[in-house]
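Visitor: Please read through the structure below; I'll follow up with questions.
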Amino acid sequence: MAVHHQATTRAPGARAVGARRPGHRVDLDGLRGLAIALVVVFHIWFGRVSGGVDVFLVLSGFFFTSMVLRRVERADGPVLRPLVVRTARRLYPAAVVVFGAVALWTVWDRPFTMWDATTRQLLASLAYVQNWELARTASDYAAADLSVSPLQHLWSMSVQVQFYVGVTAVVFLVAAACRRCGRRDLTTPVLVSVLAVAAAVSFAYAADIGRTHQGWAYYDTGARTWELAVGAIAGLVIGRVVLPAALRAASAVVGLAALVGCGFLVDGAAQFPGPAALVPVGAAMLLVLAGAGAPESRAPAVIRALESRPLQFLGSIAYPLYLWHWPILIAVLGTGHSVTVVTGSAVVVVSIALAVATRSWVEEPVHRRGAGRGALTALVTVGAIGLAAASATWQGSLDRATAQPTADVSADDRYPGALALVDGVPVPDAPMRPTVLDADLDLPQSTLDGCIADMTQREVISCEYGDPDATRTLALAGGSHAEHWLPALDRIGRDRGFAVVTYLKMGCPLDIGEPLLVDLPYPDCRDWSSDVLDILASDRPDWVFTTSTRPSPTEFGDVTPDAYLDVWARFSALALPVVAVRDTPWLSREGVPYRAADCLADGGDSESCGLPRSEVLSEIDPARAASLPFPSVVPVDFSDAVCGPDVCRVVEGNVLVYHDSHHLSATYVRSLVPVVDSTLGEVTGWW
Numbered sequence: 022m023a024v025h026h027q028a029t030t031r032a033p034g035a036r037a038v039g040a041r042r043p044g045h046r047v048d049l050d051g052l053r054g055l056a057i058a059l060v061v062v063f064h065i066w067f068g069r070v071s072g073g074v075d076v077f078l079v080l081s082g083f084f085f086t087s088m089v090l091r092r093v094e095r096a097d098g099p100v101l102r103p104l105v106v107r108t109a110r111r112l113y114p115a116a117v118v119v120f121g122a123v124a125l126w127t128v129w130d131r132p133f134t135m136w137d138a139t140t141r142q143l144l145a146s147l148a149y150v151q152n153w154e155l156a157r158t159a160s161d162y163a164a165a166d167l168s169v170s171p172l173q174h175l176w177s178m179s180v181q182v183q184f185y186v187g188v189t190a191v192v193f194l195v196a197a198a199c200r201r202c203g204r205r206d207l208t209t210p211v212l213v214s215v216l217a218v219a220a221a222v223s224f225a226y227a228a229d230i231g232r233t234h235q236g237w238a239y240y241d242t243g244a245r246t247w248e249l250a251v252g253a254i255a256g257l258v259i260g261r262v263v264l265p266a267a268l269r270a271a272s273a274v275v276g277l278a279a280l281v282g283c284g285f286l287v288d289g290a291a292q293f294p295g296p297a298a299l300v301p302v303g304a305a306m307l308l309v310l311a312g313a314g315a316p317e318s319r320a321p322a323v324i325r326a327l328e329s330r331p332l333q334f335l336g337s338i339a340y341p342l343y344l345w346h347w348p349i350l351i352a353v354l355g356t357g358h359s360v361t362v363v364t365g366s367a368v369v370v371v372s373i374a375l376a377v378a379t380r381s382w383v384e385e386p387v388h389r390r391g392a393g394r395g396a397l398t399a400l401v402t403v404g405a406i407g408l409a410a411a412s413a414t415w416q417g418s419l420d421r422a423t424a425q426p427t428a429d430v431s432a433d434d435r436y437p438g439a440l441a442l443v444d445g446v447p448v449p450d451a452p453m454r455p456t457v458l459d460a461d462l463d464l465p466q467s468t469l470d471g472c473i474a475d476m477t478q479r480e481v482i483s484c485e486y487g488d489p490d491a492t493r494t495l496a497l498a499g500g501s502h503a504e505h506w507l508p509a510l511d512r513i514g515r516d517r518g519f520a521v522v523t524y525l526k527m528g529c530p531l532d533i534g535e536p537l538l539v540d541l542p543y544p545d546c547r548d549w550s551s552d553v554l555d556i557l558a559s560d561r562p563d564w565v566f567t568t569s570t571r572p573s574p575t576e577f578g579d580v581t582p583d584a585y586l587d588v589w590a591r592f593s594a595l596a597l598p599v600v601a602v603r604d605t606p607w608l609s610r611e612g613v614p615y616r617a618a619d620c621l622a623d624g625g626d627s628e629s630c631g632l633p634r635s636e637v638l639s640e641i642d643p644a645r646a647a648s649l650p651f652p653s654v655v656p657v658d659f660s661d662a663v664c665g666p667d668v669c670r671v672v673e674g675n676v677l678v679y680h681d682s683h684h685l686s687a688t689y690v691r692s693l694v695p696v697v698d699s700t701l702g703e704v705t706g707w708w
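Residue numbers for the sequence shown follow our numbering, beginning at 22 and rising by one.
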């Protein structure tokens, strides 16, 4: 992580690790080293958030804000341009090297269908808006596997840079206002007051949004600002606060224990940056205070430990080590290796070696004055521009290639799709549809119409499909696995004369218990589901169509969660009949999801990219037994129209079954119309 030091850039001939400079907090270099050690260890071996990144945020606010204020107060010339140049020199050179390595690895090792996500994240990282890209896609930062972006960890850098921009503006405005009023002595007190208000507002916002949109809150700059602002306040007042020796020692011990234990005791991915983040932030502040104003000979033992050579060394490479460790981990997982003591240690060793090389050959030459500095700066600039241009070019070509909507091939005899499975319809030689590049866009009309609430939307969105003038109504309610049946239901509704009214929310099957989203609390889903049930009770559709199973979280096959039974009980009490459709198989190997299009683009075929049916589906639909107490709930199972007897393939009848790793493509669902039509007619008695 790029944490700005109080001292100015080193002259040629770097100081020895651990050596003191006047006014320099060597212990905070060690704190950075401890923080990066925790980040790396927890990412690699525990798959948890350690709290180390939160320490980096505190230290970034601590160093950067006080540095900006000093420059503004001592200014005898332009301030902003040198500040921007200095910050860019600290951030970009190492980052561009890592970005380039990630780009090369992606082109060399990843199927071209994955280049889109990488180029989008490269552009977002170069612009330091990666956190918003991840918030938009609700990425799970706690997990590391091949489905995760090798640039995902850079969200924190984006948050820091956005804070730098904001706090620089605040410092300039406050300093200018105080000068104009002839009270330059008030600059620091006013600035502390402004930052305190910002921290309080941000903390309240983080606590509130974390209760409803945790996936978004984790990456939200507004929710993270309080952590940086606390550090900034400390940087401005630290010289005025010196604790008694005994209190310094106690603070150091408590701070160290809280920081080291944070990752084990607090589920940061599920709770940060809300009130639980007070643990790592408070730990960092205790350690900052414990080392303030203490003569070296009388510093607490913990502070002297932070000044030890190993932690000083890690602190000196903290930023490049942070940049390198995550993509190296993702690359190793991409080779099929799981994380063991050996492979994890290899990731650590390689990451440290690359970090040292980056510091020695990139960072330090850029900071030294001399002829080489200009050449290397120019090279980094060209590299950054080249990466941006290449990413934008690929994005543009991909947009042009997929500009047209996916063609409806349901009337084309070359594309029998599901009918090849259920009726044995011959499959002629024809190119697969949708193509691997079109797969992502082969979506239900409700997604294209904005008729499914995303993970940040609380309100219920309702749209109408099928025959809008019909007197019979089928309500399609739940998450995206209910939604992906809409292309068939819409067509059948138009042909058979019934309306399909949608009540859909991403990642939210009807659940009025304690729903989770990627193992994180999703209370918004519970409240949304409760509202949908109230609406259905009032509107009284003739039938409700929703999902009845999920993949088993602990073993092969699928299950009907207890939470679904609670919803079925509500429907039974309301006397609303339910079509409970069995969920379709999810593509994953050893718990790592993969997209069908990626597997095919990487040289796989329909069968090798599929999965054994026995792994993803139980022998008997679990909803059969689960629905027995609820006579109005009718389980239906289309598994034989998606999977063969032994293998769930990813292409059937020249049609790609999945548009990603677990949603059916709209084209394949349209090929299911005869199957769904026959079953619905039998269940509802409408035809």
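Here a beta-carbon is modelled for each residue, glycine too, at the ideal position from N, C-alpha and C.
Measure the CB-CB distance between threonine 134 and aspartate 459 and report whether it falls below 7 Å.
Guide: On the sequence shown, position 113 is the one that residue 134 refers to. On the sequence shown, position 438 is the one that residue 459 refers to. It is not a contact, given that the beta carbons lie outside the stated cut-off.
Visitor: Does glutamate 485 come out as helix, strand or coil in the three-state DSSP assignment?
Guide: For this step, residue 485 is matched to residue 464 along the sequence shown. DSSP places glutamate 485 in strand when its eight states are reduced to three.
Visitor: If you check the beta carbons only, do threonine 565 and leucine 597 fall under 7 Å apart?
Guide: Counting from one through the sequence shown, the residue named residue 565 turns up at place 544. Counting from one through the sequence shown, the residue named residue 597 turns up at place 576. Sequence check: residue 565 is valine here, not threonine. Valine 565 places its beta carbon less than 7 Å from that of leucine 597.
Visitor: Rounding to the nearest angstrom, what Cα-Cα distance links cysteine 202 and valine 195 in this structure?
Guide: Residue 202 sits at position 181 when you count from the first residue of the sequence shown. Residue 195 sits at position 174 when you count from the first residue of the sequence shown. Spanning the two alpha carbons is a distance of roughly 11 Å.
Visitor: Give me the Cα-Cα distance between proline 43 and alanine 339, rounded to the nearest whole angstrom.
Guide: Position 22 of the sequence shown, counting from 1, holds the residue named residue 43. Position 318 of the sequence shown, counting from 1, holds the residue named residue 339. In this prediction, proline 43 has a pLDDT of 47, which is less than 50 and means its spatial position is unreliable; what the coordinates show is noted afterwards. Rounded to the nearest angstrom, the two C-alpha atoms are 22 Å apart.
Visitor: Using the DSSP secondary-structure output, state which residues sit across from valine 654 in a beta bridge.
Guide: On the sequence shown, residue 654 is found 633 positions in, with the first residue counted as 1. Answer by DSSP bridge pairing, in chain order: Val599.
Visitor: By DSSP, does aspartate 433 sit in helix, in strand, or in coil?
Guide: Against the sequence shown, residue 433 aligns to sequence position 412. Here aspartate 433 sits in coil by DSSP.
Visitor: Three-state secondary structure (DSSP) at aspartate 709?
Guide: With the chain covering only 22 through 708, there is no way to say anything about residue 709.
Visitor: With DSSP run on the structure shown, which of helix, strand or coil describes phenylalanine 566?
Guide: Locating residue 566 in the sequence shown gives position 545, where the first residue counts as 1. The answer is strand: DSSP assigns phenylalanine 566 an E or B state.
Visitor: Rounding to the nearest angstrom, what Cα-Cα distance links isoleucine 349 and valine 371 in this structure?
Guide: Position 328 of the sequence shown, counted from the first residue, corresponds to residue 349. Position 350 of the sequence shown, counted from the first residue, corresponds to residue 371. Going by the C-alpha atoms only, they are around 8 Å apart.
Visitor: Out of Val600, Gly295, Gly314, Val300, which has the shortest C-alpha to C-alpha gap to valine 263?
Guide: Position 242 of the sequence shown holds residue 263. The shortest C-alpha separation from valine 263 is found at Gly314.
Visitor: Using CA coordinates, which residue listed in Ser550, Leu400, Gly365 is at the minimum distance from leucine 497?
Guide: The residue labelled residue 497 in the question sits at position 476 within the sequence shown. Residue Ser550 is the option with its Cα nearest to leucine 497.
Visitor: Only counting the same chain, and skipping five residues up and downstream in sequence, which positions put a Cβ closer than 8 Å to that of threonine 427?
Guide: Counting from 1 along the sequence shown, the entry for residue 427 is found at position 406. Sequence-distant Cβ neighbours of threonine 427 in its own chain, meaning closer than 8 Å and more than five residues away, are Arg454, Pro455, Asp459, Leu462, Asp463, Ala687, Thr688.
Visitor: In three-state DSSP terms, what is arginine 454?
Guide: Here residue 454 corresponds to residue number 433 of the sequence shown, with the count starting at 1. Strand at arginine 454.
Visitor: Which whole runs of the beta strand (DSSP E) in the stretch 345-412 are 3 residues long or more, in chain order?
Guide: none
Visitor: Would glycine 256 pass as a contact of threonine 86 if the rule is Cβ separation under 7 Å?
Guide: The residue you call residue 256 lines up with position 235 of the sequence shown. The residue you call residue 86 lines up with position 65 of the sequence shown. With respect to threonine 86, glycine 256 sits close: the two C-beta atoms are nearer than 7 Å.
Visitor: Got a sec, what are the start and stop residues for the alpha helix (DSSP H) valine 553 sits in?
Guide: For this step, residue 553 is matched to residue 532 along the sequence shown. Per DSSP, valine 553 belongs to the alpha helix (DSSP H) from 544-560.
Visitor: To the nearest angstrom, how far is it from the Cα of threonine 361 to the Cα of proline 321?
Guide: Locating residue 361 in the sequence shown gives position 340, counting from the first residue. Locating residue 321 in the sequence shown gives position 300, counting from the first residue. Those two C-alpha atoms are separated by around 36 Å.
Visitor: Check for me: the beta strand (DSSP E) holding leucine 685 runs from which residue to which?
Guide: In the sequence shown, the residue the question calls residue 685 occupies position 664. Looking at the DSSP string, leucine 685 is not in any beta strand (DSSP E), and its letter there is neither H nor E.
Visitor: Using only the alpha-carbon positions, how far apart do valine 300 and tryptophan 66 sit?
Guide: For the purposes of this step, residue 300 is identified with residue 279 of the sequence shown, where counting begins at 1. For the purposes of this step, residue 66 is identified with residue 45 of the sequence shown, where counting begins at 1. Each residue's alpha carbon lies about 21 Å from the other.
Visitor: Within 10 angstroms of its Cβ, does glycine 365 collect 16 or more other Cβ (buried), or is it exposed?
Guide: Within the sequence shown, numbered from 1, the residue matching residue 365 stands at position 344. Around the C-beta of glycine 365, 16 or more other C-beta atoms lie within 10 Å, and the residue is accordingly described as buried.
Visitor: For alanine 228 versus glycine 303, is the C-beta distance shorter than 7 Å?
Guide: Counting from one through the sequence shown, the residue named residue 228 turns up at place 207. Counting from one through the sequence shown, the residue named residue 303 turns up at place 282. The answer is no: Cβ separation not under 7 Å.
Visitor: Less than 7 Å separating the beta-carbons of threonine 568 and aspartate 579?
Guide: In the sequence shown, counting from the first residue as 1, residue 568 sits at position 547. In the sequence shown, counting from the first residue as 1, residue 579 sits at position 558. Going by C-beta atoms, threonine 568 is not nearer than 7 Å to aspartate 579.
Visitor: Three or more beta-carbon pairs under 8 Å between the stretch 493-507 and the stretch 462-478, yes or no?
Guide: yes
Visitor: Using a Cβ-Cβ cut-off of 7 Å (strictly less than) and excluding sequence neighbours within five positions of alanine 163, which residues of its own chain qualify?
Guide: What you label residue 163 is simply residue 142 of the sequence shown in a count that begins at 1. Its pLDDT being 45, under 50, alanine 163 is placed unreliably in this model, and the value from its coordinates should be taken loosely. Gly68, Arg69, Val70, Ala290, listed in sequence order.
Visitor: Can you tell me whether valine 62 is helix, strand or coil according to DSSP?
Guide: Within the sequence shown, the letter at position 41 stands for residue 62. Note: valine 62 maps to helix in three-state DSSP.
Visitor: CB-CB under 6 Å to serine 146, same chain, minus the five flanking residues each way: which ones, in chain order?
Guide: Along the sequence shown, one-based indexing puts residue 146 at 125. Here the set comprises Leu172, Leu175.
Visitor: Once the 5 residues before and after alanine 58 are set aside, which same chain residues still bring their CB inside 6 Å of it?
Guide: Walking along the sequence shown from the start, residue 58 turns up at place 37. Answer for alanine 58: Leu335, listed in chain order.
Visitor: Give me the Cα-Cα distance between glycine 518 and proline 562, rounded to the nearest whole angstrom.
Guide: Here residue 518 refers to the residue found at position 497 when the sequence shown is read from its first residue. Here residue 562 refers to the residue found at position 541 when the sequence shown is read from its first residue. Looking at the two C-alpha atoms, the distance is approximately 14 Å.
Visitor: Where do the N-terminal and C-terminal ends of the alpha helix (DSSP H) with tyrosine 585 fall, by residue?
Guide: Taking the first residue of the sequence shown as 1, we reach residue 585 at position 564. That run of the alpha helix (DSSP H) goes 583-594.
Visitor: Whether or not the stretch 240-251 and the stretch 269-288 are in contact is what I'm after, with contact meaning three or more pairs of Cβ atoms, one per stretch, closer than 8 Å; do they touch?
Guide: no
Visitor: Would you call the CB atoms of alanine 298 and aspartate 75 closer than 7 Å?
Guide: For the purposes of this step, residue 298 is identified with residue 277 of the sequence shown, where counting begins at 1. For the purposes of this step, residue 75 is identified with residue 54 of the sequence shown, where counting begins at 1. Yes, the pair counts as a contact, with Cβ atoms nearer than the cut-off.
Visitor: Could you spell out the range, first to last residue, of the beta strand (DSSP E) harbouring leucine 638?
Guide: Counted from its first residue, the sequence shown places residue 638 at position 617. Unbroken run through leucine 638: none, as it is neither H nor E.
Visitor: Can valine 213 and isoleucine 254 be called in contact, C-beta distance under 7 Å?
Guide: What you label residue 213 is simply residue 192 of the sequence shown in a count that begins at 1. What you label residue 254 is simply residue 233 of the sequence shown in a count that begins at 1. Yes, the pair counts as a contact, with Cβ atoms nearer than the cut-off.
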